[in-house]
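**Student:** Chains as they are written, first to last, in this note's numbering: chain A, 8 to 399; chain B, 8 to 399.
The beta carbon of each residue, even a glycine, is placed where N, CA and C say it ideally should be.
Computed from a prediction, not measured in an experiment: that's the story for all the values here.
There are 2 protein chains.
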Amino acid sequence: MKKLNIGLFGFGVVGEGIYKVLEDKPKLNASIKKIVIKDKDKFRNAPNELFSTNPDDILDDDEINVVVELISDSDAAYSIIKKAFIKHKHVVSANKKLIAEHHLELIKLQKENDVSFLYEASVCGSVPIIRNLEEYFDNDLLNYVFGIVNGTTNYILTKMANANESYQDALKSAQKNGFAEADPTADVEGFDAAHKLSIITLHAFGTKIEIADVIRKGITSLKTKDFEYAREKGYTIKLIANSKIINKNGDLNSTVLPTFVKLDKTIALVNNEYNGVLIGSSLSDEQFLYGNGAGRFPTASAVLSDISALQYDYEYSIRKKSDKILKINESGKLKVYLGYKTEVSGIQNFFEDIEERYQSNSYNHIIGTISIHQLKNVNLLNDKRLSLIVFE
Amino acid sequence: MKKLNIGLFGFGVVGEGIYKVLEDKPKLNASIKKIVIKDKDKFRNAPNELFSTNPDDILDDDEINVVVELISDSDAAYSIIKKAFIKHKHVVSANKKLIAEHHLELIKLQKENDVSFLYEASVCGSVPIIRNLEEYFDNDLLNYVFGIVNGTTNYILTKMANANESYQDALKSAQKNGFAEADPTADVEGFDAAHKLSIITLHAFGTKIEIADVIRKGITSLKTKDFEYAREKGYTIKLIANSKIINKNGDLNSTVLPTFVKLDKTIALVNNEYNGVLIGSSLSDEQFLYGNGAGRFPTASAVLSDISALQYDYEYSIRKKSDKILKINESGKLKVYLGYKTEVSGIQNFFEDIEERYQSNSYNHIIGTISIHQLKNVNLLNDKRLSLIVFE
């Protein structure tokens, strides 16, 4: 078991937690040699001599063999990680945005420099989804990955479903309990879920999807009336990230959309800030992974697992990696519910056919079939008046 | 990807299912060359020339590089597997009893002959528990594996808890629905769970436990009155297999016991024939694996995943394997509920202290602390009059 000398970027709650665990557990044979932070004058719960504001104090130190990157600025993180690879240091990161945006480039650079790049903490907190996907093989014939990958929105949706709260009240409750940030855009608009789906999809199918190609709508337009409809019909509403193979060529569709889920389905058991992911393959039964998806401790625990794995020279094999870029197949169709308070003119034109239409003084909805092509229509996805919910 | 020529032992529902999938999916690059069965005259859904009653038709055929063993006779399976290793064939098996009884010897033989030995199907049907444990490392500091690993008993207990059925009625329902065998002893007395726990424990902790050292009681003594008590207190009753580290020396306690589980705990979500396992470590959050635990399809799917993995030369690394034999540490104590209809003389002597004692005309119970040493007392574990349930 080799000794890990760690250079840590960022000393927020996760960084401090990791520092403490490594101090407490000498058995891990890993210690932090230097911590690079932005603000040197802030009080820190660690010896002063560990800190620096100069990234090169880590990157140019040949004794440091592992970089743990935990900063929020993804542009700065990008250049730190690239430089770490070139300096032949292993990297552990939790930065999903950065990884989703530069995934193939970073993997290439990592391989060229023969180091490990582990990022379990970037997806679903403490749920070991990437390590699990690594245990599948090309010929396991994976069909889909379907799940709740964002704890913030799941917390809000659980409040809306179970306590009949409005979106705004549920958001406030999430912020008060530390499950949503002051600016919640990345979570509630589904960007965070799309980043995670992109990372998951590469490990599941060997295919890189661009964030812009993910059909994505967040949860900000959902109304209590939508949840009333869901309850009447035995559903709940979840923000589901889903990549699935839609034809024999292996074409994928990737979506992050509010989804009606039957209450007796496994995924409906996933409540509050928890995450849960189903993995479907032709050869084996559907697998379900479940765990704590948001907050400090799950992130720290995933980072610690990655650090621990480095001592055994663990690296992702990405057995299915291909350089194929996903081309969205627009021939598919989805069953969609659109809910709205006041009549939206021309709304029926989005549908190929309409199955159910309900109009009343207080709320209206239409259910019918919409093509993937139409679903990419910005008027449909961006219209704040419309609750858009697909059926599982 | 190498071509797999498979020799199949056994052609029951699982074997036939695997044969069909391999025929249907040429992409898998695996085909069955020979099938050894006991009764040559039975009608089989496969070409006649595939069948033989002579094991050597597989074992002596150098073109066959994989043996898939699916027979119920564990003594016959033992000699087949040993001979297959010596002939340098990879082996896939679903035979938990055989593996639990000869685990270390088979692993040694496998390594000596440089072949793979995969047996995901032997534990928890389609839930990839072994592959998951393989992704943990020594320094991940696993603390416990805690779960429902037997679908038959979980189906019976779910009926008893939710439909208020007696043990006998619930057992009949399980048999009628194909979830229990005509002779259910191995399942309902907890032997099957103990075998699986032994296999899991080796992969989790590197420690082999002998079946006789597992503190085991099945579900046959449980009464509807016990479930009434559980409901009143917000519990359900599950048969829990549990290996956990109890001190700094890494000593383990391994138990298969009826257990009160709070209804809001993750493990209480596991109902009917499903299995669910929690993995706890010092470094990361508790992980939860869940899936279909009994029946033909889950077993076939796990066997197919193993076959698929062989094409990539996958083998268990058993990173934590030690040859240490578990010594049960008898100094531990458990909180135990004993339920009984008619007074059992001296029952209070099992307890170190008594927390609650309830007596009535129809049913009685005592709750208190019992030492592990006392729990190994055959009078306590084997007395059919006593419902023994531990608290989580």
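1) Checking contacts by CB at 8 Å: is Leu290 (chain A) closer than that to chain D?
2) Going along the segment 109-141 of chain B in order, which residues come within less than 8 Å of chain A, judged by CB to CB distance?
3) Going by beta-carbon coordinates alone, are Tyr85 (chain B) and His110 (chain B) separated by less than 8 Å?
4) In three-state terms, what does DSSP make of Arg392 (chain B)?
5) Exposed or buried, what is Glu142 (chain B) when buried is set at 16 or more other beta-carbons lying within 10 Å of its beta-carbon?
6) Just to confirm, is the Cβ distance from Lys224 (chain B) to Gly197 (chain B) under 8 Å?
7) Quick test of your reading: Ile244 (chain B) and Ala168 (chain B), contact by CB under 8 Å. State the CB separation rounded to the nearest angstrom.
8) Is the segment 307-326 of chain B touching the segment 40-51 of chain B, taking contact as three or more C-beta pairs under 8 Å?
9) With 16 as the cutoff for other CB atoms within 10 Å, does Ala170 (chain A) come out buried or exposed?
10) Can you tell me the Cα-Cα spacing of Ser38 (chain A) and Ile65 (chain A), whole angstroms?
11) Please classify Arg51 (chain B): does DSSP put it in a helix, a strand, or coil?
12) Relative to the alpha-carbon of Asn120 (chain A), which residue among A:Ala101, A:Ile218, A:Lys96 and A:Gly287 has its alpha-carbon at the smallest distance?
13) Measuring CA to CA, which of B:Ile274, B:Asp67 and B:Phe18 is closest to Asn52 (chain B)?
14) If you count every other CB in all the chains shown that lies within 10 Å of the CB of His380 (chain B), and 16 or more means buried, which is it?
15) Suppose you measure from the CA of Thr273 (chain A) to the CA of Asn278 (chain B); what does that come to, to the nearest Å?
16) In chain order, what residues of the same chain have a beta carbon less than 7 Å from the beta carbon of Leu290 (chain B), not counting five sequence neighbours either side?
17) Pull up the CB-CB distance for Gly154 (chain A) and Ala248 (chain A), whole angstroms please, since I reckon it's below 8 Å.
18) Report the option in B:Lys383, B:Val130, B:Lys103 and B:Asp63 whose CA atom is closest to the CA atom of Asn260 (chain B).
19) For Ala53 (chain B) and chain A, any beta-carbon pair shorter than 8 Å?
20) When you compare only the Cα positions, how much space is there between Glu23 (chain B) and Ala83 (chain B)?
21) Report the residues of the segment 296-328 of chain B with a CB closer than 8 Å to any CB of chain A, ordered along the chain.
22) In whole angstroms, what is the alpha-carbon distance linking Glu363 (chain A) and Tyr242 (chain A)?
23) Could you give the C-beta distance for Glu76 (chain B) and Phe144 (chain B), rounded to a whole number, given that I count them as a contact under 8 Å?
24) Can you give me the Cβ contacts of Tyr297 (chain A) inside the same chain, cut-off strictly under 6 Å, excluding the 5 residues immediately before and after it?
25) Would you kindly work out how many angstroms separate the C-alpha atoms of Glu30 (chain A) and Lys255 (chain B), rounded to a whole number?
26) Taking a contact to mean a Cβ-Cβ separation below 8 Å, would you say Asn408 (chain A) touches Ile252 (chain A) in this structure?
27) Can you give me the Cβ contacts of Val28 (chain A) inside the same chain, cut-off strictly under 7 Å, excluding the 5 residues immediately before and after it?
28) What do you get for Tyr365 (chain A), buried or exposed, if any count of 16 or more other CB atoms within 10 angstroms of its CB means buried?
29) Chain B partners of Gln294 (chain A), CB-CB under 9 Å?
30) Note down, in chain order, each residue of its chain lying with its Cβ closer than 8 Å to the Cβ of Ile373 (chain B), except the 5 sequence neighbours on either side.
31) Is Leu246 (chain B) near Asn157 (chain B), with beta carbons less than 8 Å apart?
32) In three-state terms, what does DSSP make of Asp199 (chain B)?
33) Report yes if the CB atom of Asn12 (chain A) is closer than 8 Å to the CB atom of Ile87 (chain A), and no otherwise.
34) Which whole-angstrom value is the C-beta distance of Leu341 (chain A) and Ile377 (chain A), which I expect to be below 8 Å?
35) Give me whichever residues DSSP pairs with Arg138 (chain A) in a beta bridge.
36) Please list, in chain order, the residues of the segment 264-277 of chain A that have any C-beta partner in chain B closer than 8 Å.
**Tutor:** For this structure:
1) Given the protein chain composition of this structure (A and B), no chain D is represented.
2) Gly132, Ser133, Val134, Pro135, Arg138, Asn139 and Glu141
3) no
4) coil
5) Sixteen is the threshold: when 16 or more other Cβ atoms of the shown chains lie within 10 Å of the Cβ of Glu142 (chain B), as they do, the residue is buried.
6) yes
7) 6 Å
8) no
9) exposed
10) Going by C-alpha positions, Ser38 (chain A) is about 13 Å away from Ile65 (chain A).
11) Three-state DSSP puts Arg51 (chain B) in coil, outside helix and strand.
12) Residue A:Lys96 is the option with its Cα nearest to Asn120 (chain A).
13) Ranking B:Ile274, B:Asp67 and B:Phe18 by Cα distance to Asn52 (chain B) puts B:Phe18 first.
14) exposed
15) Taking the Cα positions, Thr273 (chain A) is about 11 Å away from Asn278 (chain B).
16) Asp147 and Leu148
17) Between Ala248 (chain A) and Gly154 (chain A) the Cβ distance is about 6 Å, and since that is below 8 Å, they are a contact.
18) Of B:Lys383, B:Val130, B:Lys103 and B:Asp63, the smallest CA-CA separation from Asn260 (chain B) is found for B:Lys383.
19) no
20) 20 Å
21) Leu296, Tyr297, Gly298, Asn299, Phe304, Pro305, Ser308, Ala309, Leu311, Ser312, Ser315, Ala316, Gln318, Tyr319, Tyr321 and Arg326
22) 17 Å
23) With 8 Å as the limit, Glu76 (chain B) and Phe144 (chain B) do not qualify as a contact, their Cβ atoms being about 30 Å apart.
24) Gly283
25) 18 Å
26) Residue 408 (chain A) is absent from the structure shown; chain A starts at 8 and stops at 399.
27) Leu311
28) Exposed, since its Cβ has fewer than 16 Cβ neighbours within 10 Å.
29) What Gln294 (chain A) touches in chain B: Ser133, Val134, Pro135, Leu296, Tyr297 and Gly298.
30) Tyr344, Leu345, Ile354, Gln355, Phe358, Ile361, Glu363, Arg364 and Tyr365
31) yes
32) Note: Asp199 (chain B) maps to helix in three-state DSSP.
33) Taking the C-beta atoms as reference points, Ile87 (chain A) is found no nearer than 8 Å to Asn12 (chain A).
34) 6 Å
35) Arg138 (chain A) is not bridged to any residue.
36) Thr273 and Leu276
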